[in-house]
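Below: one structure, written as structure tokens.
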Amino acid sequence: MSTLHVVSHSPFTDSRLASCLRVCGTEDAILLCGDGAYGLHNAALHTKGLKVFVLAEDMQARNVTLPDWADSLDYAGFVQLSIDYDKVNTWL
């Protein structure tokens, strides 16, 4: 069963992204939003081979560059991801 993991906290001040990475399966994806966009600096996201998405608006607001291994999307894309995956887990 695939899960979309939504992370909105900065990995520099919080351990939620690291915890998320420990439980992610091969069918899962991560959506970075808010300060979670800073997670694009985390090499573990790329090396684990997960699908990684980031809200374009949040990435731009934080002046974060999109790496070639991640995809940016708008809010409509976020809604579509929520439909495409079996479950959505928000790391509050």
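Counting along the sequence shown from 1, when you hit position 90 you're at 90 in full-length UniProt numbering, and nothing is skipped either side.
Ideal placement from N, C-alpha and C gives every residue a C-beta, glycine not left out.
message: Please report the straight-line C-alpha distance between V88 and V79, rounded to a whole angstrom.
response: 11 Å
- request: Return the residue from the list E57, A56 and N42 that minimises the CA-CA distance to L50.
  value: N42
query: At what residues does the alpha helix (DSSP H) containing F78 begin and finish?
result: Y75 to D84
- prompt: Given E27, which residues of its chain have a CB within under 6 Å of its CB, disregarding the five upstream and five downstream residues?
  reply: S2
field: Outcome for S8 when other beta-carbon atoms lying within 10 angstroms are tallied against a minimum of 16
entry: buried
query: Would you call Y85 buried or exposed, if buried means 16 or more other Cβ atoms sit within 10 Å of its Cβ?
result: buried
field: Ordered list of beta strand (DSSP E) runs contained in the segment 39–75, each at least 3 residues
entry: Correct list: 51–55 and 70–73.
query: In angstroms, rounded to a whole number, what distance separates the CA positions of W91 and N63?
result: Take the alpha-carbon of W91 and the one of N63: they are about 23 Å apart.
message: Strictly by DSSP, which residues pair up with T3?
response: K87
- prompt: How long is the line joining the alpha carbons of Y38 and A56, rounded to whole angstroms?
  reply: 12 Å
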